[in-house]
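So the sequence shown is numbered by my numbering: it starts at 8 and just counts up by one.
For each residue, glycine too, the CB sits at the ideal point set by N, CA and C.
It should be emphasised that the depicted structure is a prediction, and the values quoted were computed from it without experimental measurement.
The structure under discussion appears below in the form of C-alpha cells.
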Amino acid sequence: MKQPLIVANWKMNGSELLLRDLVRAFEHQGPDLAAQVVLTLPAPFFSLARALLESGEISWGGQNIHWQDEGAFTGEISAPMIAAMGGTHCIVGHSERRQGWAETDQVVASKAQACLRADITPIVCVGERLEERQQDKTMEVVKRQLEAVITNLAPALLEKIVVAYEPVWAIGTGQEATPEMAQEVHSSLKKLLGTQCLQSPPVLYGGSVKADNVAALLAMDDVDGVLVGGASLVTEEFVRLCAYAGEQAKNNSNG
Ligand code: PGA
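Printed below as a string of C-alpha cells:
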C-alpha cells in the first residue's frame, strides 16, 4: 500500500501548546496510522518538535529557507540549520511567498537546491491564480513553475523532491479544487516529471483540504497526498483528516 503524505503547514500560527496537544492526540491514535505525516512549523517551535518527535513516526520541517547555506542575511534561516536539528522537509515557493515576498521561479529553484544540498526534502509549491485559471493558463503556469525547479536537477535528486499543486484561489478560501480538477493538473505534472526521471516524485494537492474532502481527493490516481493549512491548526480535525487519508489509502490498494 502506498502511504499518502500529509503535510501540515502552520504558516505563522500555532503555539507550543498546540504542538504538544497534536503530538499527544497522535499518540492516542495508536501506531496504525497509514499515512506519513510531516508538520512544517514556524522556526521558534523547532526545538520542541525535535524533542517531541524524536521517534521519527511524525516528521517535521520548515516553511521557508534562504537559498544560501550561511551568511549575512539577518532574520533568515538555512536548510543546513533545519537539517542539523533533525528537520526533514521544507516548503519552498508557497504562493504566499511568491506573492508577498516576490519570490521568482529562479529563487524557488535555488531554495529547492539548498534543501537538496542539506539532504532535506523540498516541498515545491506550484499553482495558478484565479485570473490565470479563468484565462485557461493553468497548465502553462504550473509547468513553467515546475520546470524552473527541475531543469537542472539530476534524476537522482529529482526523485527526492515533493511537488505540491496549490491553486492560489483555493488557499484559505474554503473553496477547494474538485478532485477531477486536481487530477487533471497532477497528471500533467507527473508527465512532465516523468520525462526526467523513472520514479515520479509524489505530487500533493493543497488548498482548503479538510477531513471531509481528503478521501475524495486521495481517491484520484495521481494525488499522492495533501498539504493542509487551516485544518492542521485544529487538533481533532487534523487527526481525523490523517485517519481518513489512511483509510482511503487502504481502499485504494484494495482495488
Ligand atoms: P489551506 O492552506 O489548507 O488553509 O487552504 C493550504 C496552504 O496554503 O498550504
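Look up residue i in the DSSP assignment and give the residues it is bridged to.
| i | result |
| --- | --- |
| N16 | T47 |
| S85 | H73 |
| V169 | I130 |
Which of the three DSSP states, helix, strand or coil, is assigned to residue i?
| i | result |
| --- | --- |
| V216 | coil |
| T242 | helix |
| V115 | helix |
| P174 | coil |
| S102 | helix |
| V131 | strand |
| G232 | strand |
| I211 | One point to set straight first is that residue 211 is Leu, not Ile, in the sequence displayed. Note: L211 maps to strand in three-state DSSP. |
| C97 | strand |
Taking the continuous beta strand (DSSP E) assigned at residue i, which residues delimit it?
| i | result |
| --- | --- |
| H35 | First-last for H35: E23 to Q36, but that is the alpha helix (DSSP H), not the beta strand (DSSP E). |
| S66 | I65 to G69 |
In chain order, what residues of the same chain have a beta carbon less than 8 Å from the beta carbon of residue i, not counting five sequence neighbours either side?
| i | result |
| --- | --- |
| N16 | T47, Q70, I98, H101, G213, L234, V235, G236 and S239 |
| I127 | G68, A86, I89, A90, G94, T95, H96 and C97 |
| E254 | A41 and A222 |
| K150 | S195, L196 and L199 |
Would you mind giving the Cβ-Cβ distance between residue i and residue j, rounded to the nearest angstrom? I have them listed as a contact below 8 Å.
| i | j | result |
| --- | --- | --- |
| P209 | G232 | 6 Å |
Counting only the same chain and skipping the five closest in sequence on each side, list residues whose C-beta sits under 6 Å from that of residue i.
| i | result |
| --- | --- |
| D76 | S85 and P87 |
| S117 | W74 |
| V175 | S102, G134 and R136 |
| T242 | D28, L29 and A32 |
| P186 | A223, L224 and M227 |
Need the endpoints of the alpha helix (DSSP H) that residue i sits in, please.
| i | result |
| --- | --- |
| G3 | Look at the range of the chain in this structure, 8 to 262, and you will see that residue 3 is not part of it. |
| E154 | T145 to I157 |
| S54 | F53 to L59 |
| L40 | Per DSSP, L40 belongs to no alpha helix (DSSP H) and is neither H nor E. |
| A163 | P162 to L165 |
| R7 | In the structure as shown, the chain begins at 8 and stops at 262. Residue 7 is therefore absent and cannot be evaluated. |
What residues in its chain sit with their C-beta under 7 Å from that of residue i, if we drop five residues either side in the sequence?
| i | result |
| --- | --- |
| L164 | L123 |
| A189 | Y172, Y212, L224, M227 and V230 |
Is it the case that the CB of residue i approaches a heavy atom of the ligand SAH more closely than 8 Å?
| i | result |
| --- | --- |
| C97 | In the structure shown, the ligand SAH is absent; the only ligands present are the ligand PGA. |
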